[in-house]
Amino acid sequence: MPIYEKLMGNPFVDSGVCGICEWLGPGVQPEQITREDLEQIVNDIAPIMQTDAGWGNLHSLFPNSVLTNAAYSKKNRVELLINEWKLYLNTINELNQAGDCMGCGRREANTWLSKTNVPLTGSGTLRNFFPNFAAGAGYCSACAFAIQMSPLVFMATSGKFLTLHSNSWKALRSWAQACVEDVRNQQLQQDITGCFNPGYKNPRNGIFYMARKMAQYREMRADEYISIQVYCWTNYNQGPELEVFYMPAPVFKFLRIVYMSKFNTAWQEIVRSGYLVNWDKVKSEEDYKNRTNRVYENLLQGRSILGFFLRRNARKTYGNWELLSLYLTEIRNMEQTQLEKIKQVGDLIAECIQKSESDKRLKQLERAKSYGECRNILRYVIRDRIQQGAPEPLFSINDYMEHLFPPSDNLDLTPWRETRDLILFRIYEKLHNWLQEQGYVEFDEDNTSDADDTSETESTQED
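Counting from 1, position 12 in the sequence shown corresponds to residue 98 in this note's numbering; the numbering is continuous, with no gaps.
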């Protein structure tokens with residue numbers, strides 16, 4: 087049996103194994119790691135990962151360790167660290183079928199550790215912090231050593247760290263590639279600063295930066311079901327903290343597609359619209375990248391971002407119907423038949439508006455505040471089309487009930503706002519140039535629904 091395998095289950099262990107593999111070489115897999123490889127890792131990493139070299143995160147990673155405890159300040163910390171790590175190496179056993187190690191569950195625990203060696207574990211002799219009031223948490227030597235290597239793939243963010251975990255080894259490995267490359271560059275430039283730090287103080291924005299970096303890893307196929315969890319934490323003695331973020335597989339898949347396709351530019355415009363900043367005062371990305379982004383927040387919370395595809399104050403769209411359809415089918419689980427019907431209705435309404443040589447109906451649709459208002463406006467459009475001699479109805483009763491305003495789980499509610507915004511998107515896409523030529527672009531945006539209004543359902547009962 088090998089020493090390590092892919093996806094052993096513990097986020098710190100898996101991070102450390104990824105870091106070890108990536109440091110040894112791009113093609114190295116966990117099953118190939120030997121004791122000799124681990125000795126090489128000890129000799130390579132110990133001189134880097136210590137305070138004298140400039141690794142600035144250690145007090146929040148491994149407090150009271152030989153690297154941070156003042157009692158060791160007059161000793162050779164690198165030598166102490168090497169000796170400590172080699173104690174782990176000398177007692178490593180190969181994987182079994184089962185065991186009580188808290189890291190892998192595949193070997194017997196042969197070392198009892200606290201937060202000094204394993205982040206977010208209990209403290210020293212305070213047994214109430216440990217399972218069954220034991221004197222520490224039990225790990226096997228292989229997992230304990232892997233955890234010591236995990237900082238190689240952490241991302242620093244404003245005194246805390248982002249640690250990636252996933253159901254996909256490819257995803258973990260792609261992130262390890264970015265982090266280890268940064269640490270190697272620090273080493274080459276003889277300017278050690280510590281964990282990879284691209285300057286994100288807002289952890290939520292940092293998560294999407296991570297996704298963008300991982301999307302560059304071509305070995306992840308678009309059809310793979312990959313979800314990611316990101317742990318934002320600190321192991322600092324005075325106040326350990328932990329916050330967990332989850333990015334579902336549909337969201338991560340969507341991001342991988344848009345980041346590496348023709349949609350990337352339009353998607354970045356949508357993301358930028360999620361920041362509440364004065365763009366006239368923005369000089370670089372550093373001026374806004376740590377501000378709250380409503381697009382990111384909504385994606386992490388499972389809320390719609392449809393409103394951000396609309397640039398209402400210019401009656402214009404961000405992206406095209408193809409990009410919007412990708413979002414709706416991948417993340418919102420909308421059926422293609424429903425999308426096609428809404429697109430068709432939007433096209434017919436756009437044609438009606440243009441023939442009327444007025445934006446009156448468009449204004450009414452934009453300002454609709456209830457399902458009743460929206461329904462009445464569609465009736466007006468139907469009447470306008472009859473007067474214009476339209477040869478076909480705007481929609482059938484079946485289309486209305488099944489595709490435009492399908493019933494929700496609550497029979498008293500109708501998800502009308504999503505349909506209205508999709509129709510608006512299509513009208514803007516079709517008529518933006520015409521609206522601009524006619525001078526119909528400027529309007530009172532305060533009387534329209536907010537872009538980040540999350541109320542997608544409203545009572546069917548009219549006032």
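Every residue gets a Cβ at the ideal spot worked out from N, C-alpha and C, and that includes glycine.
All of these numbers come straight from a predicted model, not from anything done at the bench.
Exposed or buried, which one is residue i when buried takes at least 16 other CB atoms within 10 Å?
i      : result
PHE219 : exposed
ASP498 : Note that ASP498 scores 48 on pLDDT, short of 50, meaning its location in the model is unreliable; the coordinates nonetheless yield the value given after this. Result: exposed.
PRO97  : buried
GLY189 : buried
GLY105 : buried
SER101 : buried
ASP470 : buried
ASN157 : One point to set straight first is that residue 157 is Ala, not Asn, in the sequence displayed. Counting Cβ neighbours within 10 Å, ALA157 comes out exposed, since fewer than 16 surround it.
GLN275 : exposed
VAL357 : buried
THR351 : exposed
MET94  : buried
ARG342 : buried
PRO289 : buried
ALA184 : exposed
VAL204 : buried
ASP365 : Here the sequence assigns Trp to residue 365, which means Asp is not the residue at that position. Per the 10 Å Cβ criterion, exposed.
As a quick exercise: from the options, pick the residue whose alpha carbon is nearest that of residue i.
i      : options                        : result
ARG163 : TYR322, LEU144, GLU180, ASN176 : LEU144
ASN196 : ASN203, PHE511, ASN179, PHE338 : ASN179
LEU434 : PRO479, THR423, THR351, ARG461 : PRO479
PRO492 : PHE511, LEU517, ARG512, LYS427 : LYS427
ARG401 : VAL527, LEU173, MET87, ASN203  : VAL527
GLN65  : PHE247, TRP109, LEU166, GLU515 : Since the first residue shown for the chain is 87 and the last is 549, residue 65 is missing from the structure and cannot be characterised.
MET235 : SER244, THR249, ALA223         : THR249
TYR514 : ARG465, GLU488, GLY405         : GLY405
ARG389 : LEU414, MET87, ARG304, GLU437  : LEU414
ASN376 : PRO284, GLY142, PRO112         : PRO284
GLU170 : TYR382, LEU448, LEU153, GLN183 : LEU153
ARG461 : TYR486, GLY475, GLN474         : TYR486
ARG398 : LEU362, CYS438, LYS449         : LYS449
SER254 : ALA221, ASP309, GLN272         : ASP309
ALA301 : GLN272, ARG270, SER347, ILE391 : SER347
ILE127 : PHE395, ARG512, GLY111, ASN155 : GLY111
Tell me which residue opens and which closes the beta strand (DSSP E) that residue i is part of.
i      : result
SER390 : Run containing SER390: none; DSSP gives neither H nor E here.
GLU372 : Per DSSP, GLU372 belongs to no beta strand (DSSP E) and is neither H nor E.
TYR332 : 327-333
ALA223 : 223-225
SER347 : Here SER347 belongs to no beta strand (DSSP E), and DSSP marks it neither H nor E.
GLN35  : No answer is possible for residue 35: it lies beyond the span of the chain, which begins at 87 and ends at 549.
LYS427 : Not the beta strand (DSSP E): LYS427 falls in the alpha helix (DSSP H), residues 422-442.
LEU362 : Looking at the DSSP string, LEU362 is not in any beta strand (DSSP E), and its letter there is neither H nor E.
ALA220 : Neither: ALA220 is in no beta strand (DSSP E) and is coded neither H nor E.
TRP198 : 197-199
THR243 : 241-243
Give every residue of the same chain whose Cβ lies closer than 6 Å to the Cβ of residue i, excluding the five residues on either side of it in the sequence, and list them in chain order.
i      : result
PHE349 : LEU409
SER411 : LEU425
ILE119 : ILE89, TYR90
PRO336 : GLU416, ILE417
GLU329 : CYS318
CYS187 : ARG193, ALA195, TYR225, CYS226, CYS229
LEU181 : MET87, ARG192
With a cut-off of 8 Å on the beta carbons, I'd call residue i and residue j a contact; round off their distance for me.
i      : j      : result
ILE168 : ILE278 : 17 Å between Cβ atoms; not a contact.
ASN321 : LEU206 : 6 Å
LEU517 : GLN440 : 6 Å
PHE282 : MET241 : 5 Å
ILE314 : ALA257 : 6 Å
ASN291 : TYR382 : 6 Å
LYS446 : ARG512 : With a Cβ gap of about 18 Å, LYS446 and ARG512 do not count as contacting.
Would you kindly report the start and end of the unbroken alpha helix (DSSP H) that includes residue i?
i      : result
LEU173 : 163-176
LEU147 : 144-147
LYS455 : Unbroken run through LYS455: none, as it is neither H nor E.
SER252 : Note, SER252: premise wrong, no alpha helix (DSSP H); beta strand (DSSP E) at 246-252.
LEU412 : 407-416
MET306 : Element bounds for MET306: n/a, residue is neither H nor E.
TRP261 : 255-274
THR202 : Segment: none, THR202 is in no alpha helix (DSSP H) and carries neither H nor E.
TYR514 : 502-524
ILE136 : Residue 136 is actually Gln in this sequence, not Ile. Taken as a continuous stretch (DSSP letters only), GLN136 belongs to no alpha helix (DSSP H), as it is neither H nor E.
GLN105 : The identity of residue 105 in the sequence shown is Gly, whereas the question assumes Gln. From DSSP, the alpha helix (DSSP H) with GLY105 extends over 97-110.
Closer than 7 Å by C-beta to residue i: which residues in its own chain qualify, once you throw out the five before and the five after it? Chain order, please.
i      : result
THR202 : PHE148, PRO149, ASN150, SER151
ALA454 : CYS460, ILE463, ARG506
For chain D, find out if any of its Cβ atoms is closer than 9 Å to the Cβ of residue i; answer yes or no.
i      : result
GLU180 : Absent here is chain D; the protein component of the structure consists of one chain.
So, at 8 Å on beta carbons, what are the nonlocal neighbours of residue i in its own chain, with the 5 sequence-adjacent residues on each side left out?
i      : result
GLN115 : LYS92, CYS107
SER146 : GLY245, LYS246, PHE247, THR320, ASN321, TYR322
SER482 : none
VAL368 : TYR374
VAL266 : GLY105, GLU108, TRP109, LEU238, VAL239
LEU166 : VAL152, TYR158
Hey, would you say the C-beta of residue i is under 8 Å away from at least one heavy atom of the ligand SAH?
i      : result
GLU488 : For the structure depicted, the ligand SAH is absent and the ligand set is empty, with no information on it obtainable.
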